[in-house]
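**Q** Encoded as structure tokens, here's the structure I'll be asking about.
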Amino acid sequence: MTDMHMPAADARLGQIAASQHSKSVSLRNVGKTFGETRVLRDLTLDVHAGEFLVLLGESGCGKTTALRIIAGLESATEGTVHVGERDVTNDLPRDRDVAMVFQSYALYPHKTVFENIAYPLIVRKRAKGEIEAAVREVAASVQLEPLLTRYPRQLSGGQRQRVALARAIIRRPAAFLMDEPLSNLDAKLRGHMRAELKHMQHELDITTIYVTHDQIEAMTLAHRVALIDKGVLQQLDTPARIYSDPANLFVAGFIGSPPMNFLRGTLGGHRFEAQDLSLAADVDHRGDATLGVRPEECALVAASEGEMRGRIYSVELIGDHSLVTLNVGEQKVIVKVSNMFAGEIGSEAGVRVNRERIYFFDQQTGQRIRQK
Ligand SMILES: Nc1ncnc2c1ncn2[C@@H]1O[C@H](COP(=O)(O)OP(=O)(O)O)[C@@H](O)[C@H]1O
Ligand SMILES: [Mg+2]
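Every letter in the sequence shown is one number past the one before it in this note's numbering, and letter 109, counting from 1, is 109.
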């Protein structure tokens, strides 16, 4: 059934894609203050045509504000917004050719699914036959055809989400703007919709700027991730590079679960040293520094081996693996191990780190100290 259905849906998505006019979106040196509060600082982003870019960061870091500035629902205090070649900084939202999908879906409760999807074309006074054909095509692409006569209250969260998407797709915008569109869904449906969204974006090839605080969503959906902290862009990179080549302590600590281990110590004479910890460091930097190493890049070995020595503080069975926390001097280190691990709390162990996957950071600035 599914196998029969999917290729047909894909073919229809393909037709929609052929008529899309996806464009690049750029923010140049955008700043935003609300009264005394600075929310965005010198934000520059170039989102390529057809790219899926995720704006990621903690609640309150300015993601929604950035999206609303692109949509024209908020004005930038400084800087410019471009859609394609066009400077839209002073244009009204409806003249910007972008479609926003909100967290709350914002469907019209007294309109049917058909009417909700058709709404952007009705507002534009398109011919009835054209609207009918467009709604059927878009509804098919997100598998809503059987539900066109229902009202929003008669739909599940996932179905409502698809109606909101269909209403955005039907406009054939230059770009989609999505503000935490999956955050109201339960975990299982969120996983399902994530895969659906990724597939749909791939087929439509439409520029998408997607806001989330969820690192898993960001890593799985994005072509590139823009990680923001307190209104300042920290790194703009592919998910793989954000993970394996973090620019600073904030990025390194934000991505990964459990998070990267951070150990304070001292760099000098091409070594990094702390209590019960010593390893070679191919850097010229001297002085206080922080070592970063992910739990999955550490292994437990005999107490006399490895670069660190500690005592097991706790062992947690997660399912397909276990997490072992050790005290190394006064600091804690988490090591990801096999779910067969049977070490005793309180016993001594060594930790071997993957030398190819260690990071050093300046303790004062948080900036990465790169090895040669
Ligand atoms: N209209 C507003 N007036 C004053 N402060 C605002 C307004 N909108 C947002 N803020 C503040 O700006 C900051 C960023 O908000 P927001 O962009 O919604 O963050 P995010 O979407 O990342 O959670 C927050 O501190 C928020 O309180
Ligand atoms: Mg927000």
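Just so it is clear, CB atoms sit at the ideal spot from N, CA and C, and this is done for glycine as well. Note that the coordinates shown come from a computational prediction; the quantities given were computed from them, not determined experimentally.
1. Contact check, PHE272 vs GLY265 under 8 Å by CB: the rounded distance?
2. Taking 8 Å as the cut-off, is the CB of VAL225 close to at least one heavy atom of ligand 1?
3. Is the beta carbon of THR208 within less than 8 Å of some heavy atom of ligand 2?
4. Of all residues in the structure, which have a C-beta closer than 5 Å to any heavy atom of ligand 1, taken in chain order?
5. Rounded to the nearest angstrom, what separates LEU148 and VAL142 at their Cα positions?
6. Using only the heavy atoms of ligand 2, determine whether one of them is closer than 8 Å to the beta carbon of GLU74.
7. Within 10 angstroms of the Cβ of ASP288, are there 16 or more other Cβ atoms? Answer buried if so, exposed if not.
8. Measuring alpha carbon to alpha carbon, tell me which of GLY256, THR65, VAL138 and LYS188 ends up nearest LEU165.
9. According to DSSP, is HIS21 helix, strand or coil?
10. Just checking VAL47 against ligand 2 - is the residue's beta carbon closer than 8 Å to any of the ligand's heavy atoms?
11. Does the Cβ of VAL232 lie closer than 8 Å to at least one heavy atom of ligand 2?
12. Measure the alpha-carbon distance for GLU344 versus ILE312 and round it to whole angstroms.
13. For VAL301, collect the residues of the same chain with a Cβ closer than 6 Å to its Cβ; drop the 5 residues on either side in sequence, then sort them by chain order.
14. Going by DSSP, what residue range makes up the alpha helix (DSSP H) through MET193?
15. Closest by CA to GLY329, which one among GLN371, SER278 and ALA299?
16. If you count every other CB in all the chains shown that lies within 10 Å of the CB of ILE206, and 16 or more means buried, which is it?
17. For a test of the three-state rule: what should DSSP assign to TYR151, helix, strand or coil?
18. With DSSP as the reference, please indicate the residues paired to ARG309 in a beta bridge.
19. Taking ARG28 as the reference, which of GLU51, VAL88, ARG368 and GLY310 has the closest Cα?
20. Start and end of the beta strand (DSSP E) containing PHE176?
21. Excluding the five sequence neighbours on either side, which residues of its own chain have a C-beta within less than 8 Å of the C-beta of LEU317, listed in chain order?
22. Given a cut-off of 9 Å, decide if ASP237 and VAL211 are closer than it, judged by their beta-carbon atoms.
**A** Taking the geometry as given:
1. Locating residue 272 in the sequence shown gives position 272, where the first residue counts as 1. Locating residue 265 in the sequence shown gives position 265, where the first residue counts as 1. Indeed they touch by this definition, with Cβ atoms about 5 Å apart.
2. To locate residue 225, count along the sequence shown from 1; it is residue 225. Answer for VAL225: no, Cβ out of range of ligand 1.
3. On the sequence shown, position 208 is the one that residue 208 refers to. Outside the cutoff, so no.
4. PHE34, VAL39, SER59, GLY60, CYS61, GLY62, LYS63, THR64 and THR65
5. Along the sequence shown, read from residue 1 onward, the residue named residue 148 stands at position 148. Along the sequence shown, read from residue 1 onward, the residue named residue 142 stands at position 142. Roughly 12 Å separates the two Cα atoms.
6. Here residue 74 refers to the residue found at position 74 of the sequence shown. False, no ligand heavy atom lies under 8 Å from that Cβ.
7. Translated into the one-based positions of the sequence shown, residue 288 becomes position 288. Counting Cβ neighbours within 10 Å, ASP288 comes out exposed, since fewer than 16 surround it.
8. Within the sequence shown, the letter at position 165 stands for residue 165. Of the listed residues, the one whose Cα sits closest to LEU165 is VAL138.
9. Here residue 21 refers to the residue found at position 21 when the sequence shown is read from its first residue. Reduced to three states, the DSSP call for HIS21 is coil.
10. By one-based count along the sequence shown, residue 47 stands at place 47. Result no, Cβ not under 8 Å from ligand 2.
11. Along the sequence shown, one-based indexing puts residue 232 at 232. No; taking the cut-off as 8 Å, the Cβ of VAL232 has no heavy atom of ligand 2 nearer than that.
12. Within the sequence shown, the letter at position 344 stands for residue 344. Within the sequence shown, the letter at position 312 stands for residue 312. Their backbone Cα atoms lie some 7 Å apart in a straight line.
13. As a working note, residue 301 is residue 301 in the sequence shown. The residues are GLY350 and ARG352.
14. Indexing the sequence shown from 1 puts residue 193 at position 193. Membership of MET193 in the alpha helix (DSSP H) is indicated by the continuous run 187-204.
15. The residue given as residue 329 occupies position 329 in the sequence shown. It is SER278.
16. On the sequence shown, position 206 is the one that residue 206 refers to. So ILE206 ends up on the buried side.
17. Position 151 of the sequence shown holds residue 151. The DSSP-derived three-state label of TYR151 is coil.
18. Along the sequence shown, read from residue 1 onward, the residue named residue 309 stands at position 309. DSSP, once it has assigned bridges, lists GLY350 as partnering ARG309.
19. If you number the sequence shown from 1, residue 28 lands on position 28. Comparing Cα-Cα distances from ARG28 to each of GLU51, VAL88, ARG368 and GLY310, the minimum goes to VAL88.
20. As a first step, residue 176 must be located in the sequence shown, where it is residue number 176. Per DSSP, PHE176 belongs to the beta strand (DSSP E) from 175-179.
21. Along the sequence shown, one-based indexing puts residue 317 at 317. Excluding positions up to five away in sequence, the list reads ASN339.
22. The count along the sequence shown starts at 1 and reaches residue 211 at position 211. The count along the sequence shown starts at 1 and reaches residue 237 at position 237. No, the pair does not count as a contact, with Cβ atoms beyond the cut-off.
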